[in-house]
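Numbering (this note's numbering), first residue to last: 3 to 201.
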């Protein structure tokens, strides 16, 4: 007498394969939060650098002082366009400020799409170029500002800040603002490099 075997159908678990245990999928932690935070800091620093660059260019461009000598028809004048270094400073810082204005949309894209490496790489390269330009402008202007304050006896360069005090204050403030821009660019480059490393 044959005994009848009863077959029980067991449905296969989804994701399971023959001869292998089912694979457990652990949700991947999103790195977007960290990159988004870096992007927000980048945007704030970029706006601050833009304000500093615009302030330095505007201050240098409006630096001018007249000193009357006996009559109003004969005057001594000190102006930024008397010195090529100050003219270079004005042009360079204007270019840097213009670049910072144009870079803000790319910084916003880096916030909206934190995993996109393209905008961050572009900002890193262009920030390095702008840093070089801002540093050159600030260094060139600093040497002339130093001579204006202290003079140089070896080359018979007289200090003019005793007579043109307002002019010297303006050009000194422009140089300080330019160096603030330079320092901010250093932080921007570090942030971009850190964000790219997270990719």
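From the three backbone atoms N, C-alpha and C, an ideal C-beta is built for every residue, glycine too.
Anyone know if the C-beta pair for residue 181 and residue 51 falls short of 8 Å? Here residue 181 corresponds to residue number 179 of the chain shown, with the count starting at 1. Here residue 51 corresponds to residue number 49 of the chain shown, with the count starting at 1. No, Cβ-Cβ distance for residue 181 and residue 51 is not below 8 Å.
Whole angstroms is fine: what's the gap from residue 110's alpha carbon to residue 93's? What you label residue 110 is simply residue 108 of the chain shown in a count that begins at 1. What you label residue 93 is simply residue 91 of the chain shown in a count that begins at 1. Here the alpha carbon of residue 110 sits roughly 27 Å from the alpha carbon of residue 93.
For residue 18, is the classification buried or exposed, using 16 other Cβ atoms within 10 angstroms of its Cβ as the cut-off for buried? One-based indexing of the chain shown puts residue 18 at position 16. Because residue 18 carries a pLDDT of 48, less than 50, the predicted location of this residue cannot be relied on, and no value is offered for it.
Looking at residue 184: is its Cβ nearer than 8 Å to the Cβ of residue 133? Start at 1 with the first residue of the chain shown, and residue 184 comes out as number 182. Start at 1 with the first residue of the chain shown, and residue 133 comes out as number 131. The answer is yes: Cβ separation under 8 Å.
What's the C-alpha gap between residue 116 and residue 189? Position 114 of the chain shown, counting from 1, holds the residue named residue 116. Position 187 of the chain shown, counting from 1, holds the residue named residue 189. Distance between the alpha carbons of residue 116 and residue 189: 18 Å.
Which same chain residues, not among the five before or five after residue 137, have their C-beta less than 7 Å away from its C-beta? The count along the chain shown starts at 1 and reaches residue 137 at position 135. Here the set comprises 184.
Residue 170 versus 82, 140 and 100, residue with shortest Cα-Cα distance: The sequence position of residue 170 within the chain shown is 168, counting from 1. Of the listed residues, the one whose Cα sits closest to residue 170 is 82.
Three or more C-beta pairs below 8 Å linking the region 38-47 and the region 149-161: In short, these stretches do not touch, since the Cβ pair count stays below three.
Just how far apart, CA to CA, sit residue 121 and residue 165? The sequence position of residue 121 within the chain shown is 119, counting from 1. The sequence position of residue 165 within the chain shown is 163, counting from 1. Rounded to the nearest angstrom, the two C-alpha atoms are 50 Å apart.
Would you call the CB atoms of residue 62 and residue 176 closer than 8 Å? In the chain shown, counting from the first residue as 1, residue 62 sits at position 60. In the chain shown, counting from the first residue as 1, residue 176 sits at position 174. Going by C-beta atoms, residue 62 is nearer than 8 Å to residue 176.
Pair within 8 Å by beta-carbon distance, residue 112 and residue 41: For the purposes of this step, residue 112 is taken as residue 110 along the chain shown, with counting starting at 1. For the purposes of this step, residue 41 is taken as residue 39 along the chain shown, with counting starting at 1. Yes, the Cβ-Cβ distance between residue 112 and residue 41 is below 8 Å.
May I ask which residues mark the beginning and end of the alpha helix (DSSP H) holding residue 101? Position 99 of the chain shown, counted from the first residue, corresponds to residue 101. Counting along the chain, the alpha helix (DSSP H) containing residue 101 begins and ends at 86-114.
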